[in-house]
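**Q** Would you mind keeping the following structure in view while I ask a few things?
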Amino acid sequence: MSEMEKVYNPSEIEARIYADWEKSGDFAPKGAGEPFAIVMPPPNVTGALHMGHALDDTLPDILVRWRRMLGDNVLWVPGTDHAGIATQNVVEKKLAQDGRTRHDLGREKFIEEVWRWKEEYGGRITSQLRLLGASCDWAHERFTMDEGCSRAVREVFVELYKKGLIFKAPRIINWCPRCHTALSDVEVEYEENAGKLWHLRYQLAENPKKYLVVATTRPETLFGDTAVAVHPADERYQDLIGKEVLLPLTDKKIPIIADEYVDREFGTGVVKITPAHDVNDYEVGKRHKLPALAIMDTSGLLNENVPLRYKGLDRFKARELALTDLEEKGLLDSVQDYENKISRCYRCHDVIEPYLSPQWFVDMPKLAAPAVEAVRSGRLKFYPERWSKVYFDWMENIREWCISRQIWWGHRIPVWYCECGEIICAKDDPQTCPKCGSDKLTQDADVLDTWFSSALWPFSTLGWPDAAADLKKYYPTALLVTGYDIITFWVSRMITMGLEFQKEAPFHKVVIHGLIRDEHGKKMSKSTGNAVDPVELIKEYGADALRFTLASMATAGGQDLKLAASKVLASRNFMNKIWNVARFVLLKLADNKFSAEKSPADEWILSRYQQVIQKTDSALRNFYFGDMALGLYDFVWNEFCDWYIEMSKLGLHKETFLTVFNGILRLLHPLTPFITEEIWAKLGNAGKVINANWPQADKALLNPAREKKMAVVIELIRAVRNIRAEMNVAPAKKADLIILCGDPAVAEALTEAKPYIQQLSGVEKIDLAARLAAKPRNASHAVINGAEIFVPLDKLIDLQAEIARLEKEKNKYQTEINRIKNKLANKSFIEKAPPEVIEKEKEKEKDYAEKFKIVEEQLKALAAS
RNA sequence: GGGCAUAUAGCUCAGCUGGUUAGAGCGCUCGCUUCACAUGCGAGAGGUCCGAGGUUCGAAUCCUCGUAUGCCCACCA
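According to full-length UniProt numbering, the residues represented by the first sequence are 1 to 865, in order.
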């Protein structure tokens with residue numbers, strides 16, 4: 001038997017145990033049980049493990065370990081995401097250190113560079129997942145740009161293209177001038193902005209003394225204006241419709257048009273129309289056949305379509321200059337403060353530019369219906385249910401999904417253009433044009449949105465497009481666990497693609513958890529410096545402590561989790577507690593002195609144990625991770641350790657002890673896999689706990705009568721301890737105890753428990769009587785359910801203190817009695833409440849009344865003495 | 001402009017389907033080197049369950065309104 005330190009030290013143990021699990025193939029699917037598959041949300045290859053991942057992977061690991069112990073055929077598929085823009089940014093930054101850009105390398109060399117980078121650093125996140133204890137099957141590890149995933153992407157693209165569900169068209173899209181690419185709508189973040197509303201004067205061409213006032217938040221875009229618009233029914237401007245204004249700072253004339261889009265109430269009711277730089281204006285422009293004049297390049301610098309003075313200026317510099325110039329010319333009418341939203345790139349946070357350009361789109365509006373129906377019908381459920389609302393809101397108002405990105409790292413769009421004008425979309429690279437036979441084919445330069453390959457993850461990782469055995473066995477997967485922040489990015493698109501290509505949604509259940517925040521509820525981020533590094537926490541407290549903390553905070557409502565170091569510390573202490581129970585067991589096994597018979601404490605803990613099994617099961621079935629963790633914490637610490645072990649020190653029944661403690665290890669294993677595995681081995685159990693059977697509750701061991709008796713015993717011990725503490729009886733001093741108990745059942749329970757009472761309340765002599773000739777003098781007194789107790793004191797009793805104690809007690813009972821009396825006096829309560837509720841109230845009243853009477857008598861006795 | 005969520009002890013939160021003596025962890029007070037554990041043990045203090053109405057025999061729990069906070073969505077310059 002190996003030595004165990006007093007303090008649990010996880011670091012060496014965790015590394016050793018994980019290596020053993022992995023080496024032994026303990027994570028591989030096996031057995032004839034039901035298939036139970038989960039795909040891991042693939043973290044970015046560029047990433048390091050953050051608290052979000054820690055939660056995202058702890059929760060499924062709990063489920064996966066649980067199902068494995070239940071005998072299911074469990075597959076948890078790990079993998080990483082190529083994370084197009086993010087990864088490209090990282091590698092570009094690295095190049096920048098040597099003063100190089102990706103253009104210096106050229107596309108091919110640059111991509112090679114990224115692959116090299118991925119080989120070298122991409123393993124960091126997966127090694128960190130191992131630190132966390134994630135029991136995923138590494139043999140199934142995938143990468144969104146590996147061979148199989150790439151084939152799946154092409155297959156899907158080509159199929160959708162053929163059906164017209166993927167197309168290329170000019171649209172106003174979200175353009176990031178820093179990343180030089182288009183973004184989808186979900187990749188844009190909005191931020192409150194204390195901006196200005198500038199009122200500009202557009203002079204009438206026919207009479208420059210007159211002018212229209214146009215309100216805008218973006219004066220620099222005026223160079224792209226190709227009209228100003230008013231509402232067709234706006235009386236103020238009726239006679240101006242069809243006439244022209246002079247575009248300020250230029251020598252252009254642009255028409256005044258009428259369009260219902262204009263809000264008469266807003267500003268002056270006159271809008272500048274800039275079709276190339278605003279979504280709404282683009283629509284207006286189309287209706288009125290206005291030209292769309294782009295005035296910016298892809299970096300957000302003004303181009304040749306503006307007066308020379310502004311050409312090459314950054315958009316914000318150009319704004320300043322334009323405003324100065326307008327003011328000088330007397331064309332700046334007024335300026336107002338104006339609150340609006342500013343859109344930013346979710347990657348680099350640069351300000352997004354609405355930009356007219358041809359891009360590739362998935363026609364989501366045509367694909368969405370089955371995905372909505374799957375959830376409406378209940379075939380696919382969100383937990384908690386309210387998240388389905390977010391899903392519906394998104395899916396029922398879905399727009400075209402812009403999937404082309406003007407970067408280099410990613411799945412290249414499988415479309416080629418022939419010099420004859422033919423467009424070829426193919427799964428395999430075409431050599432010649434099927435129409436003209438030319439071999440001068442140029443592939444589309446763009447790559448796909450990273451989320452395009454993520455959308456296929458549940459089936460691409462299982463071997464599709466081949467008719468793979470894994471796909472057949474594990475699709476649809478059992479469930480998905482993820483944060484609410486990617487319902488739109490990922491969940492909705494996986495459901496859509498799963499239904500389109502597999503005819504079934506990729507999972508039946510979506511378990512949504514909250515987001516990790518710092519202690520004060522602030523979003524964790526590197527820039528604010530409040531991010532907690534899970535790897536650091538694991539180093540300091542152990543992976544089990546971190547996992548236990550995260551699970552205990554993942555409550556039924558799915559609220560955000562505020563992570564405080566004090567909580568991890570508390571979990572660490574709990575691990576230490578368990579560790580020390582194990583040390584205790586080992587000591588006792590070494591002593592080899594056991595009781596032959598089960599004691600009342602044994603019966604009691606066995607009964608409680610059955611209930612904790614049931615509670616744990618039901619918590620897991622409902623994804624109430626917090627309930628599971630807290631339920632086990634409470635059972636282990638407050639029942640098993642505080643009462644059962646303490647009582648067992650009088651005589652330990654080996655079988656009961658080991659049954660319950662091994663049961664605890666198994667129940668805790670999904671939460672805290674390392675320490676339970678280590679202790680499992682130390683106790684000499686066969687095999688590993690990771691492969692052990694999940695405990696089954698045995699109803700025959702439920703023992704309500706024993707629990708009731710034990711409740712009285714515990715109440716009595718607490719009462720004695722309370723007296724000792726309050727009356728300052730020295731802890732080492734053995735006291736006497738006189739119990740006055742007229743209830744034979746209670747008397748029996750207490751008699752039986754005499755050794756426990758002596759052991760746990762520091763009492764030597766116990767007298768139990770049905771009645772007393774005279775109540776003891778100079779004794780402190782308390783009343784419990786069915787009995788009253790006296791603790792004679794050496795020194796003269798502190799009358800004041802004793803009276804104060806009893807008065808407090810009396811008042812408490814009085815309050816309760818009054819409450820219940822009122823309730824019972826209420827006629828409608830008696831008439832309408834269920835009989836068992838009334839019965840319960842009456843019983844309570846009786847108990848309180850009895851206690852009240854006893855305390856009152858005692859007070860009288862004290863007063864008389 | 002829509003929607004969602006939250007408001008319970010000093011702090012962070014449980015309390016899921018109305019009946020609890022309203023709980024936990026941390027913190028606080030008092031006392032303990034009790035032979036598994038001071039990362040511990042024992043005993044305590046601490047709560048108008050955000051406010052106002054309502055439903056009900058009964059509300060922290062359900063409904064309405066309000067206040068505060070957080071988040072998401074939305075093309076009004």
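In this text, a Cβ means the ideal position worked out from N, Cα and C, and glycines have one as well.
1. Given T751, which residues of its chain have a CB within under 7 Å of its CB, disregarding the five upstream and five downstream residues?
2. Quick check on D439: buried or exposed, where buried means 16 or more other Cβ atoms within 10 Å of its Cβ?
3. Rounded C-beta distance between residue 924 and K812? I'm assuming under 8 Å.
4. With distances taken from CA atoms, which of V712, E112, G122 is nearest G79?
5. Among I423, K311, L499, which has the Cα closest to the Cα of R379?
6. So what does DSSP say about D234, is it helix, strand or coil?
7. List the whole-angstrom C-beta distance separating Q858 from H781, where the pair is believed to meet the contact cut-off of C-beta under 8 Å.
8. Taking a contact to mean a Cβ-Cβ separation below 8 Å, would you say G224 touches G463 in this structure?
9. Assign E678 to one of two classes, buried (16 or more other C-beta atoms within 10 Å of its C-beta) or exposed (fewer than that).
10. Can we count L323 as close to the ligand GDP, meaning its CB is less than 7 Å from some heavy atom?
11. With a CB to CB cut of under 6 Å and the five nearest residues on each side skipped, what residues in its chain are close to K30?
12. So which of I85, A779, I13 has the shortest CA-CA distance to G47?
13. Taking D736 as part of the beta strand (DSSP E), name the residues at either end of that continuous run.
14. Do you know offhand how far M1's Cα is from I613's?
15. Pull up the distance between the alpha-carbon of R819 and that of E843, whole angstroms please.
16. With H, G and I counted as helix, E and B as strand and the rest as coil, what does DSSP make of A770?
17. Going by C-alpha distance, which of I486, V415, N193 is nearest E339?
18. List the residues that DSSP assigns as beta-bridge partners of F143.
19. Would a C-beta distance cut-off of 8 Å place L760 and I717 closer than the cut-off?
20. Taking L671 and A582 to be in contact with their CB atoms under 8 Å, please state how far apart those CB atoms are, rounded to whole angstroms.
21. Are M575 and G542 touching if we call contact CB-CB under 8 Å?
22. Since Y202 and L246 are thought to touch, with beta carbons under 8 Å apart, how far apart are those beta carbons, to the nearest angstrom?
23. Give every residue of the same chain whose Cβ lies closer than 8 Å to the Cβ of D137, excluding the five residues on either side of it in the sequence, and list them in chain order.
24. Just verifying my parser: in three-state terms, what is the DSSP assignment at G224?
25. Quick one: give me the first and last residue of the beta strand (DSSP E) that P177 is part of.
26. Please state whether DSSP places D847 in a helix, a strand or coil.
27. When the Cα atoms are used, what is the spatial distance from N826 to V855?
28. So L587 is in the beta strand (DSSP E); what residue range does that whole segment cover?
29. Could you tell me whether the segment 48 to 67 touches the segment 150 to 168, using the rule of 3 or more Cβ pairs below 8 Å?
30. What span of residues does the beta strand (DSSP E) with S357 cover, start to end?
31. Which class does I295 belong to by DSSP, given the choice of helix, strand or coil?
32. Going by the CB atoms, is the gap between K253 and A205 shorter than 8 Å?
33. R572: buried (16+ other C-beta within 10 angstroms of its C-beta) or exposed?
34. Distance, Cα to Cα, N728 vs R721?
35. Less than 8 Å between the C-beta atoms of P219 and R319, yes or no?
36. Any idea what DSSP makes of F625, helix, strand or coil?
**A** On the basis of the coordinates in this document:
1. By one-based count along the first sequence, residue 751 stands at place 751. Answer for T751: L768, listed in chain order.
2. What you label residue 439 is simply residue 439 of the first sequence in a count that begins at 1. Counting Cβ neighbours within 10 Å, D439 comes out exposed, since fewer than 16 surround it.
3. Past the boundaries of the shown model lies residue 924; the chain is included only from 1 to 865, so the question cannot be answered.
4. Position 79 of the first sequence, counted from the first residue, corresponds to residue 79. Measuring from the Cα of G79, the nearest candidate turns out to be G122.
5. Taking the first residue of the first sequence as position 1, residue 379 is located at position 379. R379 has its Cα closest to that of L499, out of I423, K311, L499.
6. For the purposes of this step, residue 234 is taken as the residue at position 234 of the first sequence. The answer is coil: DSSP assigns D234 none of H, G, I, E or B.
7. To locate residue 858, count along the first sequence from 1; it is residue 858. To locate residue 781, count along the first sequence from 1; it is residue 781. The C-beta distance from Q858 to H781 rounds to 5 Å, short enough to fall under 8 Å.
8. Working through the first sequence from its first residue, we reach residue 224 at position 224. Working through the first sequence from its first residue, we reach residue 463 at position 463. The answer is no: Cβ separation not under 8 Å.
9. If you number the first sequence from 1, residue 678 lands on position 678. Under this definition E678 is a buried residue.
10. The model on display carries no ligand, and the ligand GDP is accordingly not part of it.
11. Stepping through the first sequence from its first residue, residue 30 is reached at position 30. Counting only Cβ-Cβ distances below 6 Å, and skipping sequence neighbours, we find nothing.
12. Along the first sequence, read from residue 1 onward, the residue named residue 47 stands at position 47. Out of I85, A779, I13, I85 has the C-alpha closest to the C-alpha of G47.
13. For this step, residue 736 is matched to residue 736 along the first sequence. D736 -> beta strand (DSSP E) spans 735 to 740.
14. As a first step, residue 1 is located in the first sequence; it is residue number 1 there, counting from the start. As a first step, residue 613 is located in the first sequence; it is residue number 613 there, counting from the start. Residue placement at M1 is flagged as unreliable, the pLDDT there being 41, under the threshold of 50; the coordinate-derived value follows with that caveat. Each residue's Cα considered, the two are about 30 Å apart.
15. Within the first sequence, numbered from 1, the residue matching residue 819 stands at position 819. Within the first sequence, numbered from 1, the residue matching residue 843 stands at position 843. The C-alpha of E843 is placed about 13 Å away from the C-alpha of R819.
16. By 1-based counting over the first sequence, the position of residue 770 is 770. Coil at A770, not helix or strand.
17. The sequence position of residue 339 within the first sequence is 339, counting from 1. Considering only alpha carbons, the answer is N193.
18. In the first sequence, counting from the first residue as 1, residue 143 sits at position 143. According to DSSP, F143 bridges with T80.
19. For the purposes of this step, residue 760 is taken as the residue at position 760 of the first sequence. For the purposes of this step, residue 717 is taken as the residue at position 717 of the first sequence. Yes. Within cutoff.
20. Numbered from 1 along the first sequence, position 671 holds the residue referred to as residue 671. Numbered from 1 along the first sequence, position 582 holds the residue referred to as residue 582. So it is not a contact: roughly 16 Å between Cβ atoms.
21. For the purposes of this step, residue 575 is taken as residue 575 along the first sequence, with counting starting at 1. For the purposes of this step, residue 542 is taken as residue 542 along the first sequence, with counting starting at 1. Yes, these two residues count as a Cβ contact at 8 Å.
22. Taking the first sequence and counting its residues from 1, the one referred to as residue 202 is at position 202. Taking the first sequence and counting its residues from 1, the one referred to as residue 246 is at position 246. Contact flag correct, Cβ pair sits at about 7 Å.
23. On the first sequence, position 137 is the one that residue 137 refers to. Hits under 8 Å: F27, A28, P29, L75, W76, V77, P78.
24. For the purposes of this step, residue 224 is taken as the residue at position 224 of the first sequence. Of the three classes helix, strand and coil, the one that applies to G224 here is helix, per DSSP.
25. Counting from one through the first sequence, the residue named residue 177 turns up at place 177. It is not in any beta strand (DSSP E) - P177 carries neither H nor E in the DSSP assignment.
26. As a working note, residue 847 is residue 847 in the first sequence. Three-state DSSP puts D847 in a helix.
27. Working through the first sequence from its first residue, we reach residue 826 at position 826. Working through the first sequence from its first residue, we reach residue 855 at position 855. Each residue's alpha carbon lies about 28 Å from the other.
28. Within the first sequence, the letter at position 587 stands for residue 587. Taken as a continuous stretch (DSSP letters only), L587 belongs to no beta strand (DSSP E), being part of the alpha helix (DSSP H) at 565 to 591.
29. no
30. The sequence position of residue 357 within the first sequence is 357, counting from 1. Its beta strand (DSSP E) spans residues 353 to 362.
31. Working through the first sequence from its first residue, we reach residue 295 at position 295. Of the three classes helix, strand and coil, the one that applies to I295 here is coil, per DSSP.
32. For this step, residue 205 is matched to residue 205 along the first sequence. For this step, residue 253 is matched to residue 253 along the first sequence. Result yes, Cβ atoms of A205 and K253 sit closer than 8 Å.
33. In the first sequence, residue 572 corresponds to position 572, counting from 1. When all chains shown are included, R572 counts as buried.
34. What you label residue 728 is simply residue 728 of the first sequence in a count that begins at 1. What you label residue 721 is simply residue 721 of the first sequence in a count that begins at 1. Their backbone Cα atoms lie some 10 Å apart in a straight line.
35. Within the first sequence, residue 219 is the residue found at index 219, counting from 1. Within the first sequence, residue 319 is the residue found at index 319, counting from 1. Yes.
36. Your numbering for residue 625 matches position 625 in the first sequence. Helix at F625.
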